[in-house]
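**Student:** Numbering (the numbering used here), first residue to last: 3 to 286.
All C-beta atoms in this analysis are idealised placements derived from N, C-alpha and C, irrespective of residue type, glycine included.
It should be emphasised that the depicted structure is a prediction, and the values quoted were computed from it without experimental measurement.
Submitted below is the structure of interest, expressed as structure tokens.
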Amino acid sequence: MIDCCSLEKKNSVSLNSNGCRIYKMCRLLAYIGSPTSLERLLYEPEHSLIVQSYQPQEMLSGVVNADGFGVGWYRQDGEAFSYRNILPIWNDLNLPSLSRYIESENILAYVRSATSGQPLDLSNSQPFRYKNLLFIHNGRVEKFRQSLYRSIRNLLSDEIYTWIKGSTDSEHIFGLFLERLQNHPTKGWEQVLQLVLNEIHDLAETHQTDISANLVISDSKRLLVSRYATKSPAPSLYWLKNHPSFPNSVIIASEPLFAGDWIECPENSIIIVGQDGDIYSEQI
Numbered sequence: 003m004i005d006c007c008s009l010e011k012k013n014s015v016s017l018n019s020n021g022c023r024i025y026k027m028c029r030l031l032a033y034i035g036s037p038t039s040l041e042r043l044l045y046e047p048e049h050s051l052i053v054q055s056y057q058p059q060e061m062l063s064g065v066v067n068a069d070g071f072g073v074g075w076y077r078q079d080g081e082a083f084s085y086r087n088i089l090p091i092w093n094d095l096n097l098p099s100l101s102r103y104i105e106s107e108n109i110l111a112y113v114r115s116a117t118s119g120q121p122l123d124l125s126n127s128q129p130f131r132y133k134n135l136l137f138i139h140n141g142r143v144e145k146f147r148q149s150l151y152r153s154i155r156n157l158l159s160d161e162i163y164t165w166i167k168g169s170t171d172s173e174h175i176f177g178l179f180l181e182r183l184q185n186h187p188t189k190g191w192e193q194v195l196q197l198v199l200n201e202i203h204d205l206a207e208t209h210q211t212d213i214s215a216n217l218v219i220s221d222s223k224r225l226l227v228s229r230y231a232t233k234s235p236a237p238s239l240y241w242l243k244n245h246p247s248f249p250n251s252v253i254i255a256s257e258p259l260f261a262g263d264w265i266e267c268p269e270n271s272i273i274i275v276g277q278d279g280d281i282y283s284e285q286i
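Structure, rendered in structure tokens:
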């Protein structure tokens with residue numbers, strides 16, 4: 003039995019200071035360290051992402067994550083790959099054999115609980131990929147189409163504007179990150195992400211809406227992570243370093259996968275995980 007991080011207390015509904023329900027949707031996972039197979043991360047843990055897709059413990063909106071899934075990984079030369087499907091992850095007949103075949107030092111995975119009204123198609127499925135960058139997002143922009151959708155698109159160059167294929171808040175946040183990365187080539191990743199989160203925070207205030215943004219971005223050599231929300235609590239997020247089952251590695255996850263010394267990521271923080279396993283955290 004999983005006995006870490008008080009998982010047994012979850013599944014009750016949390017309210018913010020205004021008495022409003024806190025929405026937490028989707029589940030994510032990221033890994034960096036010694037080469038490991040998708041199977042070891044997706045299937046073998048007691049509370050794996052597969053289990054979280056139909057029996058999440060800390061997701062307070064919805065019951066299942068059945069609106070598709072995706073995995074991303076890197077080859078040794080740093081080239082990024084992804085496999086996505088609009089089926090529930092437990093219904094994909096190809097994934098079990100694929101997960102035994104693929105090994106990588108850097109893996110991202112995601113199961114989706116779609117925002118009401120969002121179409122279920124591959125263009126809206128994560129992880130999103132731009133060149134050698136992979137991106138996943140757990141959270142939401144409230145009333146995105148009526149609030150930040152146009153404002154974010156107006157900030158994008160033609161290149162990034164036309165790169166966006168879907169309609170999700172997630173892909174647009176990634177697009178804004180890519181835009182600012184190009185605008186500020188001398189800034190560090192964490193500085194660019196700080197800039198983007200500040201921008202969407204300001205836009206949210208202008209449009210009187212709320213945002214939650216647990217983000218993971220990778221380039222094969224590092225993970226850039228945020229746990230952020232305009233109203234507390236932010237969606238759940240944990241990290242684990244050098245577990246005996248995964249030595250020389252760091253795992254980031256929406257929910258602990260198995261018993262261990264999981265550490266809750268601070269709210270409104272940015273976390274950088276290097277290829278050597280060093281972890282740095284700073285407040286937003």
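Between the Cα of residue 103 and the Cα atoms of 245, 77 and 126, which residue gives the shortest distance?
**Tutor:** Along the sequence shown, read from residue 1 onward, the residue named residue 103 stands at position 101. Cα-wise, what sits closest to residue 103 is 77.
**Student:** Which full runs of the beta strand (DSSP E) of 3+ residues lie inside the stretch 189 to 234, going along the chain?
**Tutor:** Entirely contained in the stretch 189 to 234, the beta strand (DSSP E) runs reaching 3 residues are, in chain order, 213 to 220 and 224 to 229.
**Student:** So, is residue 216 buried or exposed, given that buried needs 16 or more other C-beta atoms within 10 angstroms?
**Tutor:** As a working mapping, residue 216 is identified with position 214 in the sequence shown. It counts as buried.
**Student:** If you measure between the beta carbons of residue 32 and residue 73, is that distance less than 7 Å?
**Tutor:** Here residue 32 is taken as the residue at index 30 of the sequence shown, counted from 1. Here residue 73 is taken as the residue at index 71 of the sequence shown, counted from 1. No, Cβ-Cβ distance for residue 32 and residue 73 is not below 7 Å.
**Student:** Does DSSP classify residue 245 as helix, strand or coil?
**Tutor:** Translated into positions along the sequence shown, residue 245 becomes position 243. Strand.
**Student:** Suppose contacts are defined by Cβ-Cβ distances below 7 Å. Is residue 251 in contact with residue 236 by that definition?
**Tutor:** As a working note, residue 251 is residue 249 in the sequence shown. As a working note, residue 236 is residue 234 in the sequence shown. No; because the gap between Cβ atoms is not below 7 Å, this pair is not in contact.
**Student:** I need the boundaries of the alpha helix (DSSP H) containing residue 165, first residue and last residue.
**Tutor:** Walking along the sequence shown from the start, residue 165 turns up at place 163. Run containing residue 165: 160 to 165, per the alpha helix (DSSP H) assignment.
**Student:** If distances are taken between C-alpha atoms only, which option among 37, 38, 42 and 125 comes closest to residue 71?
**Tutor:** Locating residue 71 in the sequence shown gives position 69, where the first residue counts as 1. Closest option to residue 71, Cα to Cα, is 125.
**Student:** Give the secondary structure of residue 237 by DSSP, where H, G and I count as helix, E and B as strand, and everything else as coil.
**Tutor:** Reading the sequence shown from its first residue, position 235 is the one you call residue 237. Residue state, collapsed to three classes: coil.
**Student:** In terms of residues, what are the limits of the beta strand (DSSP E) holding residue 37?
**Tutor:** Along the sequence shown, one-based indexing puts residue 37 at 35. Looking at the DSSP string, the run of the beta strand (DSSP E) that includes residue 37 is 29 to 39.
**Student:** Taking only three categories from DSSP, how would you classify residue 264?
**Tutor:** What you label residue 264 is simply residue 262 of the sequence shown in a count that begins at 1. Looking at residue 264 - three-state DSSP - the assignment turns out to be coil, as it is neither helix nor strand.
**Student:** Quick one: is residue 248 buried, meaning 16 or more other Cβ sit within 10 Å of its Cβ, or exposed?
**Tutor:** On the sequence shown, position 246 is the one that residue 248 refers to. Counting Cβ neighbours within 10 Å, residue 248 comes out buried, since at least 16 surround it.
**Student:** Quick check: what's the CA-CA separation for residue 285 versus residue 38?
**Tutor:** As a first step, residue 285 must be located in the sequence shown, where it is residue number 283. As a first step, residue 38 must be located in the sequence shown, where it is residue number 36. About 31 Å.
**Student:** Is the CB-CB distance between residue 294 and residue 212 below 7 Å?
**Tutor:** One cannot answer for residue 294 here, as it falls past the ends of the chain, which runs 3 to 286.
**Student:** Apply the 10 Å Cβ neighbour rule to residue 107 and answer buried if 16 or more other Cβ atoms are within range, or exposed otherwise.
**Tutor:** Indexing the sequence shown from 1 puts residue 107 at position 105. Answer is buried; the Cβ neighbour count reaches 16.
**Student:** Between residue 257 and residue 57, is the Cβ-Cβ spacing less than 7 Å?
**Tutor:** Position 255 of the sequence shown, counted from the start, is the residue given in the question as residue 257. Position 55 of the sequence shown, counted from the start, is the residue given in the question as residue 57. Contact: no.
**Student:** With burial defined as no fewer than 16 other Cβ atoms inside 10 Å of the residue's Cβ, what is the status of residue 275: buried or exposed?
**Tutor:** On the sequence shown, residue 275 is found 273 positions in, with the first residue counted as 1. With 16 or more other Cβ atoms within 10 Å, it is buried.
**Student:** Exposed or buried, which one is residue 170 when buried takes at least 16 other CB atoms within 10 Å?
**Tutor:** Looking up residue 170 in the sequence shown gives position 168. Buried.
**Student:** Just to confirm the assignment, what range does the alpha helix (DSSP H) spanning residue 71 have?
**Tutor:** The residue you call residue 71 lines up with position 69 of the sequence shown. First-last for residue 71: 71 to 76, but that is the beta strand (DSSP E), not the alpha helix (DSSP H).
**Student:** Is it right to say residue 234 is buried, meaning 16 or more other beta carbons lie within 10 angstroms of its own, or is it exposed?
**Tutor:** Here the question's residue 234 lines up with position 232 in the sequence shown. Label assigned to residue 234: exposed.
**Student:** Hey, residue 254 and residue 241: beta-carbon distance below 7 Å or not?
**Tutor:** Translated into the one-based positions of the sequence shown, residue 254 becomes position 252. Translated into the one-based positions of the sequence shown, residue 241 becomes position 239. The answer is yes: Cβ separation under 7 Å.
**Student:** Whose C-beta lies closer than 6 Å to the C-beta of residue 166 among residues of the same chain, with five residues either side of it excluded?
**Tutor:** Position 164 of the sequence shown holds residue 166. Within the same chain, residue 166 has close Cβ partners 173 and 177.
**Student:** By the three-class DSSP mapping on this structure, what secondary structure does residue 285 have?
**Tutor:** Against the sequence shown, residue 285 aligns to sequence position 283. Of the three classes helix, strand and coil, the one that applies to residue 285 here is strand, per DSSP.
**Student:** Starting from the C-beta of residue 143, find all residues in its chain whose C-beta is less than 7 Å away, skip the five residues before and the five after it, and write them out in chain order.
**Tutor:** As a working mapping, residue 143 is identified with position 141 in the sequence shown. Correct list, in chain order: 149, 150, 171, 211 and 213.
**Student:** When burial is assigned at 16 or more other CB atoms within 10 Å of the CB, is residue 133 buried or exposed?
**Tutor:** For the purposes of this step, residue 133 is identified with residue 131 of the sequence shown, where counting begins at 1. Classification of residue 133: exposed, given that the 10 Å Cβ count is below 16.
**Student:** What is the rounded straight-line gap between the Cα of residue 290 and the Cα of residue 183?
**Tutor:** This structure cannot settle anything about residue 290, because the visible part of the chain is limited to 3 through 286.
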